[in-house]
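Protein chains in written order, with full-length UniProt numbering: chain S, 1 to 174; chain B, 1 to 174.
Number of protein chains: 2
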Amino acid sequence: MTIMDRLVTASEALFDRHGFTATGMDKLTKGTGISSRTLYKHAGSKNALIARVLGERDKRFARRLEVESIDALFKALEDWVRVEGRRGCLFLRALGETGGDTPEINEAVLAHKARVAERIAVLVERDNGREDPMLVEQIIVLFEGATAAAVYRGEQAVVAARQSAAILMAGARS
Amino acid sequence: MTIMDRLVTASEALFDRHGFTATGMDKLTKGTGISSRTLYKHAGSKNALIARVLGERDKRFARRLEVESIDALFKALEDWVRVEGRRGCLFLRALGETGGDTPEINEAVLAHKARVAERIAVLVERDNGREDPMLVEQIIVLFEGATAAAVYRGEQAVVAARQSAAILMAGARS
DNA sequence: TTCAAAGTAAAACGATCATTTTACATCGTC
DNA sequence: GACGATGTAAAATGATCGTTTTACTTTGAA
Numbered sequence: 001m002t003i004m005d006r007l008v009t010a011s012e013a014l015f016d017r018h019g020f021t022a023t024g025m026d027k028l029t030k031g032t033g034i035s036s037r038t039l040y041k042h043a044g045s046k047n048a049l050i051a052r053v054l055g056e057r058d059k060r061f062a063r064r065l066e067v068e069s070i071d072a073l074f075k076a077l078e079d080w081v082r083v084e085g086r087r088g089c090l091f092l093r094a095l096g097e098t099g100g101d102t103p104e105i106n107e108a109v110l111a112h113k114a115r116v117a118e119r120i121a122v123l124v125e126r127d128n129g130r131e132d133p134m135l136v137e138q139i140i141v142l143f144e145g146a147t148a149a150a151v152y153r154g155e156q157a158v159v160a161a162r163q164s165a166a167i168l169m170a171g172a173r174s
Numbered sequence: 001m002t003i004m005d006r007l008v009t010a011s012e013a014l015f016d017r018h019g020f021t022a023t024g025m026d027k028l029t030k031g032t033g034i035s036s037r038t039l040y041k042h043a044g045s046k047n048a049l050i051a052r053v054l055g056e057r058d059k060r061f062a063r064r065l066e067v068e069s070i071d072a073l074f075k076a077l078e079d080w081v082r083v084e085g086r087r088g089c090l091f092l093r094a095l096g097e098t099g100g101d102t103p104e105i106n107e108a109v110l111a112h113k114a115r116v117a118e119r120i121a122v123l124v125e126r127d128n129g130r131e132d133p134m135l136v137e138q139i140i141v142l143f144e145g146a147t148a149a150a151v152y153r154g155e156q157a158v159v160a161a162r163q164s165a166a167i168l169m170a171g172a173r174s
């Protein structure tokens, strides 16, 4: 395991648990076991570290979404929530904490959201045999809503999203 | 306009725009035009101010949701988003920034979410003539998803949520 | 075995954090 | 016209912020 892997993995957990701004460099050095000198040599700055954490999380999340149907997509989200916790979308949280004033973070967030939206578009077309931008938008909302509502409603929010998606997909098919 | 009104109104805008942790007391005193001495005399602490801001926002939001149908509820959300902006749910953002470690903030957030969920439950029953917990859960997810997705998809996310809700409501009616 | 690379530990940087305090101005009211 | 209440301005508190630097250790290859 490289220094960068340790750094990103442990930092992600800290950011997710305590928030980005509230997680200071001292908590990062203690939590990762990496000195601030080394941390800055590798990451450059705290914002760059955040952007990198988001980038790696995006990859990990995308791997989970390598499925063959919209229904499987929501099952995958159920799994994700079960093993990774329900603290809401870390990307939107980063955006909210920074007010959109940090370009490197903005880029990471928008790239992630674009990737998920594209994945949904592909699966909608695969399931129903044709493009359907309105339906894609609806599935995006359900996906985002499941993630956010799970914070206070629990896993049942994801189940409800999956059921809703099935109904909307079937309705668009006929 | 009382000191407290000025304080809460201006603070809410600052928190919403820049985030809670990133908005320091100096920005609050300058942004509200209220000295730190008076601020502390009225609010007690920054966390108490945050809780109060959330409480007032909850009231304002609830007033907007005084409608007669699920469809009107999503129309109301469209209006809210148009005039108040699309920076995501300020309550969930507060929760995320504090990691759930601030009891007064937790309470304000959970009270708000419980209130909205109850409103949705009432409207679902009014529209369809019977209780339907699963459908309520689905509408909650759509409502939350519209708020979150609007951050990067724009108002069309709310429109998509409204369309989805109409389909789910109609499907449950038959 | 020596040298450069890469790490830690810890101090220092100036800025900013939330909060309290000191000193002073502006009130409406008795 | 004196008084308590209520506000501002500004300094002080000690802690913590992100970042850099200094001094020292470890390590792997020439």
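Using N, Cα and C, we set each Cβ at its ideal position, and we do this for glycine too.
- Going by DSSP, serine 45 of chain B is part of no alpha helix (DSSP H) at all; its letter is neither H nor E.
- Rounded to the nearest angstrom, the gap between the Cα atoms of leucine 92 of chain B and alanine 146 of chain S is 13 Å.
- Excluding its 5 nearest sequence neighbours in each direction, arginine 119 of chain S has C-beta neighbours in its own chain below 6 Å: Leu65, listed in chain order.
- No Cβ-Cβ contact shorter than 9 Å links valine 136 of chain B with alanine 148 of chain B.
- Taking the CA atoms as reference points, alanine 76 of chain B sits about 10 Å from phenylalanine 61 of chain B.
- Annotation for methionine 4 of chain B: His42 place their beta carbon closer than 6 Å to its own, counting only its chain and skipping 5 residues before and after.
- In the assembly as shown, threonine 102 of chain S is a buried residue. Its beta-carbon has 16 or more other beta-carbons within 10 Å.
- Rounded to whole angstroms, the gap between the alpha carbons of valine 141 of chain B and alanine 161 of chain S is 7 Å.
- Spanning the alpha carbons of arginine 115 of chain B and glycine 129 of chain S requires a straight line of approximately 41 Å.
- Put simply, the CB of arginine 153 of chain B is near chain S, with a gap under 9 Å to one of its CB atoms.
- Of all residues in the stretch 137-153 of chain S, only Glu137, Gln138, Ile140, Val141, Leu142, Phe143, Glu144, Gly145, Ala146, Thr147, Ala148, Ala149, Val151, Tyr152 and Arg153 place a beta-carbon less than 8 Å from a beta-carbon of chain B.
- By the Cβ test, the stretch 33-51 of chain B is not in contact with the stretch 40-57 of chain S, since fewer than three Cβ pairs between them sit closer than 8 Å.
- If you look at methionine 169 of chain S, you'll find it in the alpha helix (DSSP H) that goes 156-173.
- When B:Arg86, B:Gln138 and B:Glu155 are compared, the shortest CA-CA separation from serine 164 of chain B is found for B:Gln138.
- Glutamate 68 of chain S counts as exposed, since fewer than 16 other C-beta atoms from the protein chains shown sit within 10 angstroms of its C-beta.
- Not a single C-beta of chain S is nearer than 9 Å to the C-beta of glutamate 107 of chain B.
- In the same chain as alanine 13 of chain S, and ignoring 5 residues on each side of it, the C-beta atoms closer than 8 Å to its own belong to Gly31, in chain order.
- For the UniProt domain "HTH tetR-type" (1-61) of chain S, residues whose beta-carbon sits nearer than 7 Å to a beta-carbon of chain B comprise Arg17, His18, Gly19, Thr21 and Ala22.
- Going by C-alpha positions, leucine 28 of chain B is about 32 Å away from alanine 157 of chain B.
- With distances taken between CA atoms, glutamate 144 of chain S lies nearest to S:Gly88 out of S:Ser174, S:Asn106 and S:Gly88.
- For valine 67 of chain S, there is no enclosing alpha helix (DSSP H), since its DSSP letter is neither H nor E.
- With respect to the C-alpha of histidine 18 of chain B, the residue from S:Gly96, S:Thr23 and S:Thr21 having the closest C-alpha is S:Gly96.
- Under the DSSP assignment, alanine 121 of chain B falls in the alpha helix (DSSP H) whose first and last residues are 103-128.
- Residues of chain B whose Cβ lies closer than 8 Å to the Cβ of arginine 93 of chain S are, in chain order, Arg93, Gly96 and Glu97.
- Within the model, the alpha-carbon separation for threonine 23 of chain S versus isoleucine 34 of chain S is close to 15 Å.
- In this structure, valine 124 of chain S keeps its C-beta atom at 9 Å or more from the C-beta atom of isoleucine 167 of chain S.
- For glycine 85 of chain B, the closest Cβ of chain S is not nearer than 9 Å.
- A straight-line Cα-Cα distance of about 11 Å links phenylalanine 74 of chain S and glutamate 155 of chain S.
- Between the beta-carbon of arginine 86 of chain S and that of valine 151 of chain S there is about 5 Å, and that keeps the pair under the 8 Å contact cut.
- For the stretch 153-171 of chain B, the residues whose beta carbon sits under 7 Å from a beta carbon of chain S are, in order, Arg153, Gln156, Ala157, Ala160, Ala161, Gln163, Ser164, Ile167, Leu168 and Gly171.
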